[in-house]
Every structure is written in structure tokens, then in C-alpha cells.
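Numbered according to our numbering, the sequence shown spans residues 472 to 593.
All C-beta atoms in this analysis are idealised placements derived from N, C-alpha and C, irrespective of residue type, glycine included.
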Amino acid sequence: MNVEALLAAAQALLDEPTEATETVWPIGAAALIRQAVEATVDDYWQARLPDMRWTTQRRKWLALPAYLGRRPELAAAEWTWSALSEACHHRDYDVGLTVEELRGHLLAAAAFRQLVSEQLAA
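If you want it as C-alpha cells, here you go:
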């Protein structure tokens with residue numbers, strides 16, 4: 472699944488929860504958005520420095536400002552990745568993310584994808 476399809480699937484879970492997804496849509500949307508953000512990071516490094524595929528996701532994030540600059544979209548995407556990583560490791564006592572929080576993370580992921588697409592096209 473490409474990044475756009477992941478974001479569209481997350482959007483569908485947020486916009487159109489069904490009876491079949493009523494108990495799993497929050498974690499499903501969080502996982503899809505997180506996967507889209509990680510795929511965007513991986514796409515960037517694959518195009519710019521393919522050997523980065525061998526490092527951890529955390530180190531990829533640490534190196535990004537040196538290549539993309541300190542941009543608000545990058546900071547928001549890193550926060551999104553961190554928050555969704557925590558949310559995807561759900562524990563019984565967790566409340567989980569609200570639909571508004573998930574929509575905010577979805578917007579951050581889309582803005583980050585746009586930034587990376589523009590940088591790779593330049």
C-alpha cells in the first residue's frame with residue numbers, strides 16, 4: 472500500500488466507522504497514519520541516502536533536519552510519529568486518542584508527505 476492509500480484508509484476509518492470497526496477504528500487509524508509517516512521517511516531516505524535503510528527509525532528522524540531543515544511540517548510529523556507509536560502500543564489502562572487528535576495527526580502526516588514529495592521533486 473502506498474502512502475496516499477494508507478492516508479485514505481485512515482481517513483475512511485475516521486469518517487465512516489462501521490459496525491464491524493466500531494471497537495477497532497481508533498487503533499486502526501493510528502496504525503495506518505503511523506505506517507504512512509514511516510513510509511514517507513523511508514521513501515525520502517531511499518531517494519537521498521539508500522544506506523539509511525539499515526538504521527533505526529529514531530536515527531532516521533534525528534538525521535532529517537540536516538537534510539530538510541527545521542521545518543514545522545517535519546516537527547509536526549515527528550510528534551505525530553511519536554504519539555502514534557505510543558498509541559499503537561495500547562495497554563488496558565490507556566484511554567487512546569480522540570478522533571480530533573487522530574485527524575490532527577492525519578493532517579500532519581499529509582503535510583509531511585507533501586513536503587517530502589516537493590523536496591524529492593526539486
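Item	Value
C-alpha gap between residue 524 and residue 496, whole angstroms	30 Å
Check whether residue 477 and residue 506 have beta carbons under 7 Å apart	yes
Residue 508 vs residue 551 beta-carbon contact at 7 Å	yes
DSSP state of residue 576 mapped onto helix, strand, coil	helix
Every unbroken alpha helix (DSSP H) within the region 485-536, with a cutoff of 4 residues, ordered by chain	496-519
Helix, strand or coil at residue 480 according to DSSP, with G and I counted as helix	helix
Residue 510 versus residue 541 - alpha carbon distance	20 Å
Alpha-carbon to alpha-carbon, residue 547 and residue 532	12 Å
Same chain only: Cβ atoms within 8 Å of residue 473, ignoring 5 sequence neighbours per side	510
Unbroken alpha helix (DSSP H) run spanning residue 546, endpoints	543-559
Sequence-distant residues of the same chain with beta carbon closer than 8 Å to residue 528, five excluded per side	509, 512 and 552
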